[in-house]
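Beneath this line is the structure, given in structure tokens, with notes to follow.
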Amino acid sequence: MKKLLFFCVAFLSFLMNAQESEMQFKKIIKLNDLAVENLDNRPKLDSILAEITIIRDVAANDEVLQKSKDAIKTIIEYNQIKDAIVPANDFSILTSQDLKEFDYRYDKFDKKYIINPMRKGEIYPYLVLTDSGVYLRFVNIYKKNSFIFWNKARFLYDGKTFEYTDESTRTSSSSSYNRYLGTTTSVTEESDVFCTKEMIAFLREITTATTVEGRLQGKNNYYDYTIGEKTKLRIAKVLELYDKLKK
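Counting in this note's numbering, the sequence shown runs from 26 upward without gaps.
Next up, the structure:
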């Protein structure tokens, strides 16, 4: 009888959690749509961000937590892009020589070009060209055999410092089997953020810096690395293309 009662309570708890999760998920989507309609209304956006933050803090499960973090990041970036997007020339201004080290695609639904360096590596900026102008995004990827759940990237270069945070870093893992090594696990934590004016200035500076050291800071651990010359050159070429597109 006790086992049956325990099962019933557990099942009821599961149903209530599932219902709460669905309600929170739908609320986030509704608030995100409302934010798109009010991009010019800063007080309204602040109110929407506050509501989503409350949902994040009481998220029913990991899926809702990630959805709320993504929504907060997206709304913040709406404002950043609006403030920092630069008027740009048409894509046709770029020659085959300009694009020889880049991959690009056109998203006809969002009406924008995505221009990536062919050899990305674990750190690279890329370009987004829209009808309104051009802006940069920055990707930072951690690939090792254990999670650090990083949310802050810190850099030291030529006596200067720069850092940024990303609370919605994406995580994934995969396993493979080798008969000599057994089962090994690989984890990935990837950040993709909008480049503010300050970040663009940082990227320009590190292309000519003598030494650039980075740290991905997690809740309980961190990972240190050095940005090499090939990565600096890759960043410089993306910036050259960005400068050519700017009006």
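All C-beta atoms in this analysis are idealised placements derived from N, C-alpha and C, irrespective of residue type, glycine included.
Should the stretch 162 to 174 be called in touch with the stretch 211 to 219, which here means at least 3 C-beta pairs below 8 Å?
A contact exists between the stretch 162 to 174 and the stretch 211 to 219.
What alpha helix (DSSP H) runs, 4 residues minimum, are completely inside the stretch 79 to 167?
87 to 109
Taking T209 as part of the beta strand (DSSP E), name the residues at either end of that continuous run.
G207 to F219
Just to confirm, is the Cβ distance from I148 to T233 under 8 Å?
no
Find the nearest neighbour of P112 within the set I260, K244 and V159, judged by alpha-carbon distance.
V159
Boundaries of the beta strand (DSSP E) in which E188 is found, first to last residue
Segment K185 to T190, the beta strand (DSSP E) holding E188.
Let's test the definition: count the other Cβ atoms within 10 Å of the Cβ of S93 and tell me whether it reaches 16, buried, or not, exposed.
buried
Apart from the five residues on each side of it in sequence, which residues of its chain come closer than 8 Å, Cβ to Cβ, to L40?
Reliability of the predicted coordinates at L40 is poor, the pLDDT of 39 falling under 50, and the value obtained from them is presented with this limitation in mind. Contacts found: none.
Could you give the C-beta distance for F180 and E192, rounded to a whole number, given that I count them as a contact under 8 Å?
At roughly 19 Å, the Cβ-Cβ gap does not stay under 8 Å, so F180 and E192 are not in contact.
From the DSSP output, in three-state form, read off N57 for me.
helix
Where does I252 land, buried or exposed, given buried means 16+ other C-beta within 10 angstroms?
buried
Backbone secondary structure at K244 - three-state DSSP:
In the structure shown, K244 falls within a coil segment according to DSSP collapsed to helix, strand and coil.
Is DSSP giving K269 helix, strand or coil here?
Three-state result, K269: helix.
State the CB to CB distance for the pair N104 and S46, rounded to an integer number of angstroms; the pair is presumed to be in contact (CB under 8 Å).
Not confirmed; about 29 Å, so no contact.
Cα separation between I108 and T210?
Ile is not the amino acid found at residue 108; the sequence shown has Asp there. Cα to Cα, the separation comes out at about 42 Å.
Run of the beta strand (DSSP E) containing A178, from where it starts to where it stops
W175 to Y182
When DSSP labels each residue in this structure, what does Q44 get in the three-state scheme?
If DSSP states are grouped into helix, strand and coil, Q44 belongs with the helices.
Might you give, ordered along the chain, the residues of its own chain that have their beta carbon closer than 8 Å to the beta carbon of N176, omitting 5 neighbours on each side?
T190, D191, E192, T194, Q242, G243 and K244
Using the rule of at least 16 other Cβ atoms within 10 Å of the residue's Cβ for burial, across every protein chain shown, is F36 buried or exposed?
Unreliable placement is indicated for F36, whose pLDDT of 39 sits below 50; the coordinate value is still reported in the next sentence. Label assigned to F36: exposed.
DSSP-derived helix/strand/coil call for S200:
strand
Taking only beta-carbon positions, decide if N104 is within less than 8 Å of chain B.
Of the chains in the structure shown, none is chain B; there is only one protein chain.
Check each candidate in G146, N141, V89 and K185 and name the one with the smallest Cα separation from Q49.
By alpha-carbon distance to Q49, the top candidate from G146, N141, V89 and K185 is V89.
In chain order, what residues of the same chain lie with their CB nearer than 6 Å to the CB of D128, ignoring the 5 residues before and after it?
Hits under 6 Å: N141 and M143.
On the three-state DSSP scale, how would you describe D65?
coil
P68: buried (16+ other C-beta within 10 angstroms of its C-beta) or exposed?
exposed
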